[in-house]
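Numbering of the sequence shown is given in our numbering, commencing with residue 1332 and proceeding in unit increments. Backbone N, C-alpha and C define an ideal beta-carbon position, used for all residues, glycine too. Predicted, not measured: the structure shown is a model, and the values here were computed from it. Here's the structure, in structure tokens; my notes come after.
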Amino acid sequence: MYNPLIVKSLSGWGTKTALLSLHFTHKMDSIMKKAVLYSSLAALMLASGTASATLVKNGALDMWAADGWTQFADDDGYKPNGYVNPGWGGQNFDAEFFYYKLDGDTLSIGLQTGFDVSDNELPWGSKNYYGGDIQLILNGSEEFAIDFGLFTESYYAAYSGTDEAGVYSNVTWNNDIYFNASTPFAMESGTKQADLLSNVAGSGMVGGELSYYRMVSVNLDDLLGQGTDLYSLSAHWTMSCGNDAIYGETQVPPVSVPEPSSLALMSLGLIGLL
């Protein structure tokens, strides 16, 4: 039963009684229902945002760890809607990892990606997409392009062609791709500085998805000059749409020279006595 709210006036006019109408009660009920609804919507949006932020990652191929490679870039993963940043395409356009390995004067660079860097071509919809060249910067200032020797073509077909596999200096870049934020794309011109000592490609399943790899090696003396140490490197790669790109940089620890064994030292000492 509804109880009236009695308000007493102190002005001397006597006691006045006022009833709060049911309209006020209904209005308060409506406000409370809206508050509950908005809170539920906010919680739903927060949960949805958290889910969409989760990346789908397949991980690195086992061979990298087994062969003593050092990872210096990890861009593995895409959102459930296929977003890889700055474009879309999911695993097929996911630029995943960069690795390097230094063995004496031989520098090796490894790239893993969901994009086919074995054939360097990916048919998608009504268009073909192509892998670019690796931009390599040594010791902070020496820029090179690593060309796999495969056909490539820019997004709008303003540039296409095949260059001889190798490492090039004095590079100008073709950046005719859809997402400009992913440049540089492919070498347009340059001077061949060195041959590739190795140029190997393949693929493998990891995390239930297919990833491709490309491994190349070069003699550092051909790039930096004999006797020049390598102390830092950076690398960049993308494809002709620029849906995704990978960049990494790292300091390179100096190659340690093994200390002579005690037997060798004794031999040197004996020779000195002769």
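Beta-carbon proximity list for residue i, same chain, < 7 Å, skipping 5 on both sides
i            : result
residue 1447 : 1453, 1543
residue 1405 : 1428
residue 1477 : 1440, 1464, 1465, 1467, 1498, 1547
C-alpha distance - residue i paired with residue j, whole-angstrom precision
i            : j            : result
residue 1493 : residue 1479 : 9 Å
residue 1579 : residue 1486 : 24 Å
residue 1393 : residue 1541 : 13 Å
residue 1419 : residue 1557 : 44 Å
residue 1551 : residue 1442 : 19 Å
residue 1450 : residue 1481 : 8 Å
residue 1421 : residue 1412 : 8 Å
residue 1555 : residue 1473 : 8 Å
residue 1585 : residue 1561 : 8 Å
residue 1507 : residue 1518 : 11 Å
residue 1565 : residue 1475 : 10 Å
residue 1407 : residue 1388 : 6 Å
residue 1433 : residue 1395 : 14 Å
residue 1490 : residue 1520 : 11 Å
residue 1502 : residue 1522 : 7 Å
residue 1375 : residue 1386 : Per-residue confidence for residue 1375 stands at a pLDDT of 41, beneath the threshold of 50, marking its modelled position as unreliable; the derived number appears in the next sentence. One C-alpha to the other measures close to 19 Å.
residue 1458 : residue 1488 : 11 Å
residue 1430 : residue 1444 : 12 Å
Test item: CB-CB of residue i and residue j under 8 Å
i            : j            : result
residue 1468 : residue 1568 : no
residue 1583 : residue 1563 : yes
residue 1496 : residue 1528 : no
residue 1456 : residue 1483 : no
residue 1403 : residue 1581 : yes
Chain-order list of residues whose beta-carbon lies under 6 Å from that of residue i (same chain, five-residue window excluded)
i            : result
residue 1415 : 1409, 1424, 1425, 1574, 1575
residue 1460 : 1453, 1570, 1571, 1572
residue 1548 : 1437, 1439, 1528, 1529
residue 1417 : 1510, 1512
residue 1531 : 1546
The ligand NAD heavy atom lying under 7 Å from the CB of residue i
i            : result
residue 1571 : The ligand NAD is not part of this structure, which contains no ligands at all.
Coarse secondary structure for residue i, derived from DSSP in three states
i            : result
residue 1575 : strand
residue 1557 : coil
residue 1421 : helix
residue 1372 : Any reading at residue 1372 is ruled out, since the residue's pLDDT is 40, under 50, leaving its predicted position unreliable.
residue 1464 : coil
residue 1494 : coil
residue 1488 : coil
residue 1391 : coil
residue 1513 : helix
residue 1552 : helix
residue 1355 : Caution is warranted here: a pLDDT of 44 is assigned to residue 1355, below 50, making its placement in the model unreliable, and the coordinate value is therefore given only provisionally. Correct three-state label for residue 1355: helix.
Neighbourhood of residue i by C-beta distance below 8 Å, restricted to the same chain and skipping five residues each side
i            : result
residue 1524 : 1475, 1497, 1498, 1499, 1500, 1553, 1554
residue 1533 : 1449, 1543, 1544
| message | Does the stretch 1391-1399 come into contact with the stretch 1499-1517, if we say contact requires no fewer than three beta-carbon pairs (one atom in each stretch) closer than 8 Å? | response | no
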